[in-house]
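Asker: Here it is, the structure, as C-alpha cells.
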Amino acid sequence: MSRFYKLIIFLMVSIIIILSASENFTVSQEVNNTSSNDSDNISFNLISQINETIKSTTYNHSSWGIIVQDQETGEIIYDKNSQDLFVPGSTTKLFITAAVLDSFGSDYRFKTPVYHNGEIDSEGVLNGDLILVASGDLTMGGRNTPDGKMAFKNIDHSYANTLGNANLTSTDPLTGINDLARQVKSSGINEIQGNVIIDDRLFEKTMAPTGEYLITPIMINDNLIDLEIVPGKNGENATINWRPKSSIYTLSSRVETITSGENNITVNFDGETIQVEGQILENSPPIIRTITVEDPSSWARTLFMEALKREGVQINASNGGKNPQELLNNTTYAENQQVASFTSLPLSENIKVILKLSHNIQADTLVLLLAANNGQKTFSEGMQLEGNFLENSGIERNSLALSDGRGGSESDRISPLAINQLLNRVQDKNYFSAYYESLPVMGYDGTLEGVVSNNSSIYGNVYAKTGTAIAEDKLNNRGILLSQSMAGYMVTKSGRKLIFSIFINNVPLEKEGDNLLIEEDIFQILEKIYEIV
Numbered sequence: 000m001s002r003f004y005k006l007i008i009f010l011m012v013s014i015i016i017i018l019s020a021s022e023n024f025t026v027s028q029e030v031n032n033t034s035s036n037d038s039d040n041i042s043f044n045l046i047s048q049i050n051e052t053i054k055s056t057t058y059n060h061s062s063w064g065i066i067v068q069d070q071e072t073g074e075i076i077y078d079k080n081s082q083d084l085f086v087p088g089s090t091t092k093l094f095i096t097a098a099v100l101d102s103f104g105s106d107y108r109f110k111t112p113v114y115h116n117g118e119i120d121s122e123g124v125l126n127g128d129l130i131l132v133a134s135g136d137l138t139m140g141g142r143n144t145p146d147g148k149m150a151f152k153n154i155d156h157s158y159a160n161t162l163g164n165a166n167l168t169s170t171d172p173l174t175g176i177n178d179l180a181r182q183v184k185s186s187g188i189n190e191i192q193g194n195v196i197i198d199d200r201l202f203e204k205t206m207a208p209t210g211e212y213l214i215t216p217i218m219i220n221d222n223l224i225d226l227e228i229v230p231g232k233n234g235e236n237a238t239i240n241w242r243p244k245s246s247i248y249t250l251s252s253r254v255e256t257i258t259s260g261e262n263n264i265t266v267n268f269d270g271e272t273i274q275v276e277g278q279i280l281e282n283s284p285p286i287i288r289t290i291t292v293e294d295p296s297s298w299a300r301t302l303f304m305e306a307l308k309r310e311g312v313q314i315n316a317s318n319g320g321k322n323p324q325e326l327l328n329n330t331t332y333a334e335n336q337q338v339a340s341f342t343s344l345p346l347s348e349n350i351k352v353i354l355k356l357s358h359n360i361q362a363d364t365l366v367l368l369l370a371a372n373n374g375q376k377t378f379s380e381g382m383q384l385e386g387n388f389l390e391n392s393g394i395e396r397n398s399l400a401l402s403d404g405r406g407g408s409e410s411d412r413i414s415p416l417a418i419n420q421l422l423n424r425v426q427d428k429n430y431f432s433a434y435y436e437s438l439p440v441m442g443y444d445g446t447l448e449g450v451v452s453n454n455s456s457i458y459g460n461v462y463a464k465t466g467t468a469i470a471e472d473k474l475n476n477r478g479i480l481l482s483q484s485m486a487g488y489m490v491t492k493s494g495r496k497l498i499f500s501i502f503i504n505n506v507p508l509e510k511e512g513d514n515l516l517i518e519e520d521i522f523q524i525l526e527k528i529y530e531i532v
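In numbering that gives the first Met the number 0, the protein residues as written are 0 to 532.
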C-alpha cells in the first residue's frame, strides 16, 4: 500500500472520529482527540465490520444510530447518527429509573401504615374508620422471597396478553395486605364500626399516557388479576386458577381440552364475572392471561377488608363498592393512631424488576413517585423533575423528548448520545451498582434471557436495556418495526469496558419473526465490537 493511500485512510478515520464527538458531550475525563495508530485501526476495522450489517438491503429505508465509547475515558470509538432523535421503546426506562434512584437512594424502603381515627373500647371495638395510607409501594410484598429478594420470571405476567408465554411467580400477591391485617388484629381491634378506607392522596391518580391503565399510589399484583388455564385430558374442561381471589368476583369458564388444533382462549370481564372460554391443547403448558383492574383503590380496599375478616375482625361496612375517599376530607394522622405498618424491600429490588422485565406500569408510577418525593402531585411535574435531573447531569433537553416513564408515548424520542451521556454520568453515583445490576444480562436473564447461546462471545459480557416498538402497516398488510434498541455496558475480549447505544428505526416486517432477525443483527454488531475493540 502506498504512503499516499495510507495517509488518505488515516485522514478519513480521523475525520470520522472528530465528527463523532459532539461539542455538547462531556465526560468525567476529557476525551483525548489525538488517536494512536492502534485506535485508528480499531475504528477503521469496526466501521468496516458494522457496515456489513447496517448496509444490508433490509435497511434501505431505515435509520441506524450507534455510539460506542470507552467507559473509563469517554473516547468515542464508533459513531453513526448519535445526535439524531430515534423512537426509543423501553430504553426510555433507563432515564426514569436513574432519576428516581438519584432522588430516593437505592436503599429507600416504602412504609405503608394503617391508622384508626376513632376510639377503641375495652372490647376492641373501633368506633371510627380504619385507614390504609398508600405509600406508592410498587409490590406491597407480592414478590418478596424468603431471602429478601423480589421474585420475577423473565417474561412477566404483565405481558401475558401480548407475548402469550408469561409465567407466574410462586409468591403471594397478598403478602403485604395479609401482614397489615394480622397487625391490626394484634393491636386489639376486633370490630370496626366505621368504614375501611384507602388513603390514596399521595399523588394524583393518572391514566397512563398510553391509556392502558390507571396509575395510583396503591398497587396490588401490578393491579392485575392473574388467570392460569391448565389443560386436563382430551375432552375435559381445563382448570382455571386465579389470583388474588376476591368474593366480589365470580368465575365462569368453558375451556375444552383438545388433542389437535391450536390454543384459543378468550377472557371477558364485566366488573363482576370473569368469563374464560376457548380450547387448550392437552400437552400445552399452562396459559396465563390477565385482567386489568380499573379502580385499584377500591380493589385494594376490598382485598384488605377480606384479609381483616380472615383474621377475625368484624366489619360493619360492605367490602364491595367504591373506596369512600370522600370521608377523609383533610384528615391527618397522629403517631398514636397507627396500628400497623408494612415495609418494602429496598428500592433497588424494584428497579431490578422494572429494568430486567421492562415493567411498564411500575416505570410510569416512578414518574409520580418522583413528583411526590419532591412535594408535588402530578405526572407533568414528575416529568419536569426528571428533566431537571437530566439537565443537572449534563444532558441537553433538546437531545430527547419524553412523555412517560415506560417508553410507549408517540412523542418519545431519544438520541443515542443522550443515553450514553446518562450511562456515563451514573457511574459516579453511589447507586451505580444497583443500577448496573438491574440491567438484563446478555443471554442470562430478563428480556435478554436465551437470546444468545451460552457459547456466544457476548454471553454474560453485556448488561443492557432493550427496547422494541412495533406498529401495523395497513397499506402493505404488514408490520413496521418503529424501533429496536439496546443500550448499556459491555466488556470486550481484550478486557476493555465500553458504553454503547444501538438504535434501528423504521424497518418493514414482511412476516412474523422478522423483528427477531433484526435483533440478531444487533447482537452481531455487539459480537464484532467484542472481538475488535
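Even glycine gets a Cβ: it sits at the ideal position worked out from N, Cα and C.
Could you round the C-beta distance between T249 and T272 to whole angstroms and report it? I think they count as a contact, below 8 angstroms.
Answerer: For the purposes of this step, residue 249 is taken as the residue at position 250 of the sequence shown. For the purposes of this step, residue 272 is taken as the residue at position 273 of the sequence shown. Right, the Cβ-Cβ distance comes to about 5 angstroms (below 8 angstroms), so this counts as a contact.
Asker: How many whole angstroms separate the CB atoms of L356 and D155, which I take to be in contact at a CB cut-off of 8 angstroms?
Answerer: Counting from one through the sequence shown, the residue named residue 356 turns up at place 357. Counting from one through the sequence shown, the residue named residue 155 turns up at place 156. About 4 angstroms; that satisfies the 8 angstroms criterion.
Asker: In whole angstroms, what is the alpha-carbon distance linking Y462 and S340?
Answerer: If you number the sequence shown from 1, residue 462 lands on position 463. If you number the sequence shown from 1, residue 340 lands on position 341. About 36 angstroms.
Asker: For M489, which beta-bridge partners are listed by DSSP?
Answerer: As a first step, residue 489 is located in the sequence shown; it is residue number 490 there, counting from the start. V461, L497.
Asker: What residues match up with F268 in a beta bridge as DSSP calls it?
Answerer: Against the sequence shown, residue 268 aligns to sequence position 269. Partner(s): I273.
Asker: Taking DSSP's pairing of strands, which residues face K79 in a bridge?
Answerer: Counting from 1 along the sequence shown, the entry for residue 79 is found at position 80. K79 is bridged to I65.
Asker: For the pair the segment 104–115 and the segment 343–363, tell me if three or more CB-CB distances fall below 8 angstroms.
Answerer: Touching, yes.
Asker: Taking only three categories from DSSP, how would you classify Q383?
Answerer: As a working note, residue 383 is residue 384 in the sequence shown. In the structure shown, Q383 sits in a helix (DSSP, three-state: H, G or I).
Asker: Which residue comes first and which comes last in the beta strand (DSSP E) that contains V254?
Answerer: Start at 1 with the first residue of the sequence shown, and residue 254 comes out as number 255. It spans 249–257 - the beta strand (DSSP E) in which V254 sits, taken as one unbroken run.
Asker: Relative to the C-alpha of S437, which candidate in I196, E310, L481, T96 has its C-alpha closest?
Answerer: What you label residue 437 is simply residue 438 of the sequence shown in a count that begins at 1. Nearest C-alpha to S437: T96.
Asker: Between the segment 81–93 and the segment 408–415, do at least 3 Cβ pairs fall closer than 8 angstroms?
Answerer: As far as the Cβ criterion goes, the segment 81–93 touches the segment 408–415, which means the pair count is three or higher.
Asker: Would you kindly report the start and end of the unbroken beta strand (DSSP E) that includes P112?
Answerer: The residue labelled residue 112 in the question sits at position 113 within the sequence shown. Element bounds for P112: 110–115.
Asker: Can you name, in chain order, every residue of its own chain whose Cβ lies under 8 angstroms from the Cβ of Y4, other than the five neighbours on each side?
Answerer: Residue mapping note: residue 4 aligns to position 5 of the sequence shown, counting from 1. Per-residue confidence for Y4 stands at a pLDDT of 37, beneath the threshold of 50, marking its modelled position as unreliable; the derived number appears in the next sentence. The answer is none, since no qualifying residue turns up.
Asker: Give the straight-line distance between the Cα atoms of M304 and G117, rounded to the nearest whole angstrom.
Answerer: Counting from one through the sequence shown, the residue named residue 304 turns up at place 305. Counting from one through the sequence shown, the residue named residue 117 turns up at place 118. Taking the straight line joining both Cα atoms gives about 18 angstroms.
Asker: Leaving out the 5 sequence neighbours to the left and right, which residues in its chain are closer than 6 angstroms to D136 when beta-carbon positions are compared?
Answerer: Here residue 136 corresponds to residue number 137 of the sequence shown, with the count starting at 1. Correct list, in chain order: F109, T111, S343.
Asker: I need the boundaries of the beta strand (DSSP E) containing S508, first residue and last residue.
Answerer: Walking along the sequence shown from the start, residue 508 turns up at place 509. A small fix is needed here, since residue 508 is Leu in this sequence, not Ser. Note, L508: beta strand (DSSP E), 506–508.
Asker: Is G442 helix, strand or coil by DSSP?
Answerer: Taking the first residue of the sequence shown as position 1, residue 442 is located at position 443. Reduced to three states, the DSSP call for G442 is strand.
Asker: Considering Cα atoms alone, identify which of G319, A306, I517 is closest to T174.
Answerer: For the purposes of this step, residue 174 is taken as residue 175 along the sequence shown, with counting starting at 1. Per the Cα distances, A306.
Asker: Which of the three DSSP states, helix, strand or coil, is assigned to E22?
Answerer: To locate residue 22, count along the sequence shown from 1; it is residue 23. For E22, the pLDDT reaches just 36, beneath the cut-off of 50, and the residue's location in the model is therefore unreliable, although a value from the coordinates is still provided. In the structure shown, E22 sits in coil (DSSP, three-state: anything other than H, G, I, E or B).
Asker: I believe G64 touches N423 by the beta-carbon criterion, under 8 angstroms. Please report the beta-carbon distance rounded to the nearest angstrom.
Answerer: Here residue 64 is taken as the residue at index 65 of the sequence shown, counted from 1. Here residue 423 is taken as the residue at index 424 of the sequence shown, counted from 1. Not confirmed; about 17 angstroms, so no contact.
Asker: Between the Cα of E190 and the Cα atoms of K308, V113, M139, which residue gives the shortest distance?
Answerer: Here the question's residue 190 lines up with position 191 in the sequence shown. When each option's Cα is compared against that of E190, the closest is K308.
Asker: Is it right to say S317 is buried, meaning 16 or more other beta carbons lie within 10 angstroms of its own, or is it exposed?
Answerer: Translated into the one-based positions of the sequence shown, residue 317 becomes position 318. Classification of S317: exposed, given that the 10 Å Cβ count is below 16.
Asker: Is the beta carbon of I247 less than 8 angstroms from the beta carbon of D198?
Answerer: Position 248 of the sequence shown, counted from the start, is the residue given in the question as residue 247. Position 199 of the sequence shown, counted from the start, is the residue given in the question as residue 198. Contact: no.
Asker: With 8 angstroms as the threshold, decide whether the Cβ of E74 is near any Cβ in chain D.
Answerer: The structure shown contains no chain D; it is built from a single protein chain.
Asker: How big is the Cα-Cα spacing for N282 and Q361?
Answerer: Here residue 282 refers to the residue found at position 283 when the sequence shown is read from its first residue. Here residue 361 refers to the residue found at position 362 when the sequence shown is read from its first residue. Straight-line Cα distance between these residues: approximately 34 angstroms.
Asker: For S398, which three-state DSSP category applies?
Answerer: The residue given as residue 398 occupies position 399 in the sequence shown. Of the three classes helix, strand and coil, the one that applies to S398 here is helix, per DSSP.
Asker: Kindly identify the DSSP beta-bridge partner or partners of F341.
Answerer: To locate residue 341, count along the sequence shown from 1; it is residue 342. In the DSSP output, where bridge partners are listed per residue, F341 has T111.
Asker: What is the DSSP secondary structure of D294, counted as helix, strand or coil?
Answerer: As a position in the sequence shown, residue 294 is number 295, starting the count at 1. Reduced to three states, the DSSP call for D294 is coil.
Asker: So what does I287 bridge to, in DSSP terms?
Answerer: As a working note, residue 287 is residue 288 in the sequence shown. According to DSSP, which records beta bridges pairwise, I287 is partnered with E227.
Asker: With contact counted as at least three CB pairs below 8 angstroms, one residue from each stretch, are the segment 374–392 and the segment 149–165 in contact?
Answerer: Cβ pair count under 8 angstroms is below three, so no.
Asker: Does N31 pass the burial test, meaning 16 or more other C-beta atoms within 10 Å, or should it be called exposed?
Answerer: The sequence position of residue 31 within the sequence shown is 32, counting from 1. Note that N31 scores a pLDDT of 39, beneath 50, so its modelled location is shaky and nothing firm can be said.
Asker: Closest to L474 by C-alpha separation, out of G466, V451, L447, E509, would be which residue?
Answerer: Sequence index remark: in the sequence shown, residue 474 carries index 475 (1-based). Comparing Cα-Cα distances from L474 to each of G466, V451, L447, E509, the minimum goes to E509.
Asker: Give me the DSSP bridge partner(s) of Q278.
Answerer: The residue you call residue 278 lines up with position 279 of the sequence shown. Per DSSP, E255, N263.
Asker: Would you call the CB atoms of S157 and D221 closer than 8 angstroms?
Answerer: As a working mapping, residue 157 is identified with position 158 in the sequence shown. As a working mapping, residue 221 is identified with position 222 in the sequence shown. Yes, the Cβ-Cβ distance between S157 and D221 is below 8 angstroms.
Asker: Flag this pair as touching only if the segment 487–501 and the segment 453–467 have three or more C-beta atom pairs under 8 angstroms; answer yes or no.
Answerer: Verdict: yes, contact present.
Asker: Alpha carbon to alpha carbon, what distance is there between A370 and D101?
Answerer: Indexing the sequence shown from 1 puts residue 101 at position 102. Indexing the sequence shown from 1 puts residue 370 at position 371. One C-alpha to the other measures close to 13 angstroms.
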